[in-house]
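*Asks:*
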Amino acid sequence: MTIFRRSETIIAVILLVAMVLIGLINPAFWSLDNIFGLLRSNVIIGIMALGVLVVMISGGIDVSFTAFAVAAMYLTVKGMLYFGYEGVLLPFVVATLIGLALGAFNAFFIHTFRMIPLIVTLGTGSVVRGLLLGLVGTSIVNIDKMPPQLINFAKVNLVNSTSATGTNFGLTAMILIYLGLALVTHLFLRYTMIGRSIFAYGGAPEAAKRVGFDTRKTLLFVYCFAGALAGFAGLLQGSMIWQANPRDFAGFELDVIAAVVLGGASIFGGRGSVIGTLLGVFMLVMVKNSLIIMKVDTTWQRVVVGVIIVGATALTAWRDRKKLV
Amino acid sequence: MSDSSIAKRILGQDRNILQLIAITILVFALMSWLNPDKFLRYYNFESITYIMPELGILAIAMMIAMLTGGIDLSVVGIANLAGILAGVFFHSVIVGTDQSTGMILLYTGLGILMALGIGLLAGLLNGFLISKLRITPILATLGTGQIFTGLAVVLTGGPAITGFPDGWNFIGNGKIIGVATPFVLFVIVAGAVAVLLTRTTFGVNLMLIGTNPKAAVFAGLRKDRMILYSYMLTGLLAAVAGVILSGRTNAAKSDYGASYLLQAVLIAVLGGTNPAGGKGRVLGVSIALIALMLLSSGFQILRFSNHLIDFIWGGFLLIVIALNAFRNTDR
Amino acid sequence: MQDASVSLMFAGLHRSGESMSENLLELKNVSKRFGGLVALDNVSLVLKPGEIHCLAGENGSGKSTIIKIMSGVYTPTDGEILIDGKPLTGFTPAQSVQQGIQVIYQDFSLFGNLTVAENLALNTLLLEGKKSVSWKRIRDLATKALARLGVTMDLDADVESLPTSGKQIVAIARAMMGDARLIIMDEPTTALTRPEVDALFRIVRDIQAQGIAVLFVSHKMREMLEISERLTVLRNGKKVAEGPISDFNEAAITRAMTGHDLTDQTYEWKPAAAIDQPRLDVKQLNIPGALENIDLTLHAGEIVGLSGLIGSGRTELALALFGMNPKYTGSVMIDGKKVHPKSVQEAIESGLAYVPEDRLTEGLFLTQSIERNMLATSFENFVSGIFIDRKKADAATKAMFGAMQIAAPGPQTPVNHLSGGNQQRVVLARWLLTGARVLILNGPTVGVDVGSKAQIHRKIRELATQNGLAVLMISDDVPELVQNCNRVIVMHRGRFVDEVSADTLNEDALNDRLKALK
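Chains as they are written, first to last, in our numbering: chain A, 1 to 325; chain B, 1001 to 1331; chain C, 2001 to 2518.
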């Protein structure tokens, strides 16, 4: 079957090999504690990656979503504090909507002025971050002020256990939210017309228009989706780390894009899958986190991420070139 | 007649340049009107001539990458790495050795060579990845940008490197016949690049390759080599900017000038560079640079925070995109 | 002019004895203006159910405007659109599709990254206004669509992995889904080999048998004569001729399209009294799997045609000679000097020039000036020190601009402002400036309209006779080869299999030999 020749399979194999290697260097890799920690680290980057995946399938790129995430998180937390609101659901809805609205802004510029997404999103990201820091504030909302219900929500674990050293650890329930969103994204990309229109637009924008897709709607959807996921992930991040920092996520967009590229999505559009992205996210998080386990100085993290991006893209480029011959 | 033809040659048939000049005058008038006392002081313009060059050189570097339809997201990483490498070098040689002016000068020279060398090398890596391995420029330079910044972190361990020699300080803060050294360097770099792009086969080849890479191959242009050279030039210029930046602040840090990336892209695009390749002029980029420097210095005088200035730059980029889109539909 | 065409139209109606209401689609005195520009001027056109109609005209004659009006993309400035005899106002793309009008554009508008099945089914799903996707339904729809054309294909293959003809079949099958009553095909034969064209025509007749009308939009006369029943010719936005195909022959169509007769001389090469040395002498050139034992000798002033099906190795030979595939064995001599170019640059230095197949994507730098396009390859010759000597470069450009009779305001005009013919002259000029002695042309007039075509041919002959170039002309266009070459070589599966010499060279002879290839 073609499934065995698909890039997801290759990524999965590389991932397994990497896991075995890391496990050989330090068996502590396989400890439940470490695995649970890894999975936890997947959540935020993973949710954002789903949004970036959709953008990339449409043939675009987005570097503004981290700014949206921060804005959604900070504004929502500030709002909760201001109104003394104590629920959980509504804040997440609000954060998602903030992200969505900002995403609509991206779509508007990209569609109306036909400018390349990279440059538009560089601009919108800078606008949103600048406004947030310049008008709303630069102070961090710390654990003592952070709404406790958010923290409690993010503290929910699926499994609890105690490590050999006596510390408690568990598998965060947030991983379910991540996997749920991944499933929804997958179903939606595969089984809805708008999902297919994203693939069609990414493959041949002009043809998509001629066939009768409403490409404005497609683009609007794509960037709103990425914005909404980023907004949601932003507030979730605040809840999981117990603070709302308006300077959070600086440079994080590169990690997310790297994860999506690792997952086999094409920057030229039209190709990419949720499963690949899940694997790509896991691979990136695992390598980054395992540097400590492998006794590599953490200052090397960025170098490693960079090498992974270059390596993965070089591999894809090499694979695609062979295809052409 | 010769006058008008010279003017024509410089301005070209470029309506963009005229639009830019108009924007610049508008910004100038607006700022002078809002805050005549502080904005129109000599000191203000002098300080602009110190701050502007590093960004201007980065913007020109960005333009060169865009000429072939690429982009270089690693320029800030290269700039910082260059400054830090020189800083590390000074630390390792200057501490404990004699501090005679001759030696200092020698070390400064060696430091510059190292910084520029690493810039060339970084550009070579980018160019190799893009032209030989055929990685998309966005992804290639996204990755190498991480590598360069990461190496800078590894070299410093995080905090800023300080303690550059006096000669280094002169590059960032000195004066040559009453004009800021960085500004002199900027004029030299801008002039050299302008001549390189318009008067040499290399420059013309870049424009042609950017216009249609496939046709370039059939026309017998050495496409891969030219793209490689163009990224080397971009890297070299980024390193020059890094030297000026570390000279001006007398320090080098892995996360300096993070907002320069956006600003360099903005200035390049605003200056009439086509991000899809084939079009771009140093003159346009320089005027765009001046307009934006006036804008941000004016807002600084009005006590806007740096964050709000980031906002204004981003907003400016979006407005320019919109403006260009409207202008193109005119035709 | 107007009266004449109207009477012709009525004559046509009278002959078939049908009433007006049985017209599938009718354009009545339709005009389209863009600002001051008149793209279409008072054109009337009738399409009957199930007919094969051909719309002919040069580039810019208004063909694509008509397509866009029929598909509802453009609203006519004046005039009426009638479907089934009923006038429609505010005709939109959606309405056009509803009425069963489908356009197959030259680029097919397919999605390379999606499977054959999905490409086929998307239209129907969109038309039904579906929100969700059933993959079983997609397969069913696709199977049915292919069955209707009587072809089988791997439904799960990505469309980008198909050959051009395969893509075209998908595009046709897609267009026929729903209740297509009229299929408009824009230049459908451009990228097809002769056997593929035959296969296409079989499919088109099949479509017709199902009662669907086909409008061919083309400038290829032979094919029009072969397939269509009626013909409409446009020139400069006006209808200049119309009638059953039996009223036309190639000359009549050409005259209608261009407004003048074209000279139809063949090329005669008179070898110099004593032929001392060939310009190009290729001996036993081999590339495993691509070229086999190629022997080719070209003399100064010769124009030698190279014909064969796509994939016969013609382009491979050209690329090998031009340094883009240097991994060959055998010897290549230019003016008696042995060469083996390993790069395009080396090939150019040894006196070769290659005009690639696709002018727009491979030949020109569209937004750049004529000057830069002309000098692209030879800038290095105008360098003194490290700078380009502008005076020298200007002078050379001006001279070439004049010599090639390029119709443009000046050498600084961007080439995208030029017509196809003028653009091709710019490309030729580029190679003259390199001092080329052997010129390889690949499809020199593909996509060029009839008028410019003749001018380009004249120029090529001139280059051979006056500049002493040896020309190798690769082409699918049989009349072009017959008119311009003193001999034609037929290539098949990487080998030279046949040669038609000057005395026996005519279209039928060449066509027969091409048909014999399997």
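Even for Gly, the Cβ is constructed at its ideal location relative to N, Cα and C.
Classify Phe268 (chain A) as buried or exposed, calling it buried when 16 or more other Cβ atoms lie within 10 Å of its own Cβ.
*Replies:* Against the first sequence, residue 268 (chain A) aligns to sequence position 268. Burial call: exposed.
*Asks:* 9 Å is my cut-off, CB to CB: does Asp2107 (chain C) come that close to chain A?
*Replies:* By one-based count along the third sequence, residue 2107 (chain C) stands at place 107. Answer yes: the Cβ-Cβ gap between Asp2107 (chain C) and chain A drops below 9 Å somewhere.
*Asks:* May I have the straight-line CA-CA distance separating Ser126 (chain A) from Phe249 (chain A), to the nearest angstrom?
*Replies:* The residue you call residue 126 (chain A) lines up with position 126 of the first sequence. The residue you call residue 249 (chain A) lines up with position 249 of the first sequence. Their Cα atoms are separated by approximately 13 Å.
*Asks:* Can you tell me the Cα-Cα spacing of Ile275 (chain A) and Leu15 (chain A), whole angstroms?
*Replies:* Your numbering for residue 275 (chain A) matches position 275 in the first sequence. Your numbering for residue 15 (chain A) matches position 15 in the first sequence. Taking the straight line from one Cα to the other gives about 13 Å.
*Asks:* Take the Cβ of Pro1159 (chain B) as the centre, count every other Cβ of all protein chains shown within 10 Å, and call the residue buried at 16 or more, exposed below.
*Replies:* Within the second sequence, numbered from 1, the residue matching residue 1159 (chain B) stands at position 159. Exposed, by the Cβ-count rule.
*Asks:* List the residues of chain B whose Cβ lies closer than 8 Å to the Cβ of Thr299 (chain A), in chain order.
*Replies:* Residue numbering aside, residue 299 (chain A) sits at position 299 when the first sequence is read from its first letter. Going along chain B in sequence order, the residues near Thr299 (chain A) (Cβ under 8 Å) are Gly1150, Val1153, Val1154, Gly1157, Gly1158.
*Asks:* Quick one: what does DSSP say Lys2167 (chain C) is sitting in, helix, strand or coil?
*Replies:* Working through the third sequence from its first residue, we reach residue 2167 (chain C) at position 167. Helix at Lys2167 (chain C).
*Asks:* For Ser2021 (chain C) and Ser2044 (chain C), I'd like the C-alpha separation in whole angstroms.
*Replies:* Residue numbering aside, residue 2021 (chain C) sits at position 21 when the third sequence is read from its first letter. Residue numbering aside, residue 2044 (chain C) sits at position 44 when the third sequence is read from its first letter. Only weak support exists for where Ser2021 (chain C) lies, its pLDDT of 49 falling under 50; the coordinates are left without a value.
*Asks:* Which of the residues in the region 205-237 of chain A, read from start to end, lie with their CB under 8 Å from any CB of chain C?
*Replies:* Listed by position along the chain: Glu206, Ala207, Ala208, Arg210, Val211, Gly212, Phe213.
*Asks:* For His2340 (chain C), which three-state DSSP category applies?
*Replies:* Along the third sequence, read from residue 1 onward, the residue named residue 2340 (chain C) stands at position 340. Note: His2340 (chain C) maps to coil in three-state DSSP.
*Asks:* Which of helix, strand or coil does DSSP assign to Phe2033 (chain C)?
*Replies:* Sequence index remark: in the third sequence, residue 2033 (chain C) carries index 33 (1-based). Correcting the residue identity first, residue 2033 (chain C) is Arg in this sequence and not Phe. Correct three-state label for Arg2033 (chain C): strand.
*Asks:* May I ask you to report which of helix, strand or coil DSSP gives Ala2290 (chain C)?
*Replies:* Working through the third sequence from its first residue, we reach residue 2290 (chain C) at position 290. The answer is coil: DSSP assigns Ala2290 (chain C) none of H, G, I, E or B.
*Asks:* My output table needs one value for Ser2005 (chain C): the three-state DSSP class, helix, strand or coil.
*Replies:* Counted from its first residue, the third sequence places residue 2005 (chain C) at position 5. Per-residue confidence for Ser2005 (chain C) stands at a pLDDT of 41, beneath the threshold of 50, marking its modelled position as unreliable; the derived number appears in the next sentence. If DSSP states are grouped into helix, strand and coil, Ser2005 (chain C) belongs with the helices.
*Asks:* In chain order, what residues of the same chain have a beta carbon less than 6 Å from the beta carbon of Ala2039 (chain C), not counting five sequence neighbours either side?
*Replies:* Reading the third sequence from its first residue, position 39 is the one you call residue 2039 (chain C). Within the same chain, Ala2039 (chain C) has close Cβ partners Lys2032, Gly2062, Thr2065, Gly2237.
*Asks:* What residues from chain A crowd round Thr1136 (chain B), counting only those whose CB sits closer than 9 Å?
*Replies:* On the second sequence, position 136 is the one that residue 1136 (chain B) refers to. Result: Ile267, Phe268, Thr313, Ala317.
*Asks:* Quick check on DSSP: helix, strand or coil for Glu2026 (chain C)?
*Replies:* Here residue 2026 (chain C) is taken as the residue at index 26 of the third sequence, counted from 1. Glu2026 (chain C): strand per DSSP, three-state reduction.
*Asks:* Report yes or no: is there a C-beta of chain A within less than 9 Å of the C-beta of Ile1084 (chain B)?
*Replies:* The count along the second sequence starts at 1 and reaches residue 1084 (chain B) at position 84. Not closer than 9 Å to any Cβ of chain A, the Cβ of Ile1084 (chain B) fails to qualify, so no.
*Asks:* The alpha helix (DSSP H) with Glu2499 (chain C) in it runs from where to where?
*Replies:* Residue 2499 (chain C) sits at position 499 when you count from the first residue of the third sequence. Element bounds for Glu2499 (chain C): not the alpha helix (DSSP H) but the beta strand (DSSP E), 2495-2501.
*Asks:* Assuming Ser2228 (chain C) and Ile2245 (chain C) are in contact, meaning their beta carbons sit under 8 Å apart, how far apart are those beta carbons, in whole angstroms?
*Replies:* As a first step, residue 2228 (chain C) must be located in the third sequence, where it is residue number 228. As a first step, residue 2245 (chain C) must be located in the third sequence, where it is residue number 245. Confirmed, about 5 Å.
*Asks:* Listing by chain order, which chain B residues have their CB less than 7 Å from the CB of Phe109 (chain A)?
*Replies:* Here residue 109 (chain A) is taken as the residue at index 109 of the first sequence, counted from 1. By Cβ distance, chain B contributes Leu1318, Ile1321.
*Asks:* Please report the straight-line C-alpha distance between Tyr2105 (chain C) and Pro2188 (chain C), rounded to a whole angstrom.
*Replies:* Here residue 2105 (chain C) refers to the residue found at position 105 of the third sequence. Here residue 2188 (chain C) refers to the residue found at position 188 of the third sequence. Those two C-alpha atoms are separated by around 8 Å.
*Asks:* Could you give the C-beta distance for Leu2481 (chain C) and Leu2510 (chain C), rounded to a whole number, given that I count them as a contact under 8 Å?
*Replies:* Here the question's residue 2481 (chain C) lines up with position 481 in the third sequence. Here the question's residue 2510 (chain C) lines up with position 510 in the third sequence. About 6 Å separates the two Cβ atoms, so the contact holds.
*Asks:* Curious, which full-length alpha helix (DSSP H) runs of at least 4 residues does the region 2351-2428 of chain C contain?
*Replies:* Correct list: 2370-2375, 2390-2403.
*Asks:* If we require 4 or more residues per run, which alpha helix (DSSP H) segments fall completely within the region 223-301 of chain A?
*Replies:* Listed in chain order, they are 252-262, 274-293.
*Asks:* Are any of the Cβ atoms in chain B nearer than 9 Å to that of Gly2363 (chain C)?
*Replies:* Within the third sequence, the letter at position 363 stands for residue 2363 (chain C). Chain B, which has a Cβ nearer than 9 Å to the Cβ of Gly2363 (chain C), makes this yes.
*Asks:* Closer than 8 Å by beta-carbon distance: list the chain B residues that pair up with Ile2388 (chain C), in chain order.
*Replies:* Along the third sequence, one-based indexing puts residue 2388 (chain C) at 388. Result: Arg1199, Thr1200, Thr1201, Val1204.
*Asks:* Would you say Thr1211 (chain B) faces chain C, with C-beta separation under 9 Å as the test?
*Replies:* Within the second sequence, the letter at position 211 stands for residue 1211 (chain B). So, interface residue.
*Asks:* Check this for me: beta carbons of Asp2078 (chain C) and Asn2023 (chain C), under 9 Å apart or not?
*Replies:* On the third sequence, residue 2078 (chain C) is found 78 positions in, with the first residue counted as 1. On the third sequence, residue 2023 (chain C) is found 23 positions in, with the first residue counted as 1. Going by C-beta atoms, Asp2078 (chain C) is not nearer than 9 Å to Asn2023 (chain C).
*Asks:* Excluding sequence positions up to five away, which residues of its chain have a Cβ less than 6 Å from the Cβ of Gly2363 (chain C)?
*Replies:* Taking the first residue of the third sequence as 1, we reach residue 2363 (chain C) at position 363. Here the set comprises Pro2356, Val2427.
*Asks:* Does the Cβ-Cβ distance between Asn1274 (chain B) and Gly1210 (chain B) come in under 9 Å?
*Replies:* Reading the second sequence from its first residue, position 274 is the one you call residue 1274 (chain B). Reading the second sequence from its first residue, position 210 is the one you call residue 1210 (chain B). In contact: Asn1274 (chain B) and Gly1210 (chain B) (Cβ atoms closer than 9 Å).
*Asks:* For Lys2063 (chain C), which residues in chain A fall below 8 Å Cβ to Cβ?
*Replies:* The residue given as residue 2063 (chain C) occupies position 63 in the third sequence. Per Cβ cutoff of 8 Å: no residues; Lys2063 (chain C) is ~17 Å from chain A at best.
*Asks:* What does the Cβ neighbour count give for Trp30 (chain A), buried or exposed, with the cut at 16 atoms within 10 Å?
*Replies:* The count along the first sequence starts at 1 and reaches residue 30 (chain A) at position 30. With fewer than 16 Cβ atoms within 10 Å of its Cβ, Trp30 (chain A) is classed as exposed.
*Asks:* Answer with yes or no whether the minimum CB distance from Ser2312 (chain C) to chain A is below 9 Å.
*Replies:* The residue labelled residue 2312 (chain C) in the question sits at position 312 within the third sequence. By this cut-off, Ser2312 (chain C) is not an interface position.
*Asks:* Go to Ser1047 (chain B), then tell me how far its alpha helix (DSSP H) extends in each direction, as first and last residue.
*Replies:* By one-based count along the second sequence, residue 1047 (chain B) stands at place 47. Segment 1042-1067, the alpha helix (DSSP H) holding Ser1047 (chain B).
*Asks:* At what residues does the alpha helix (DSSP H) containing Ser1246 (chain B) begin and finish?
*Replies:* Residue mapping note: residue 1246 (chain B) aligns to position 246 of the second sequence, counting from 1. Where Ser1246 (chain B) is concerned, the enclosing alpha helix (DSSP H) stretches over 1223-1249.
*Asks:* Can you say whether Gln2168 (chain C) is buried or exposed, counting buried as having 16 or more other CB atoms within 10 angstroms of its CB?
*Replies:* Here the question's residue 2168 (chain C) lines up with position 168 in the third sequence. Buried, since its Cβ has 16 or more Cβ neighbours within 10 Å.
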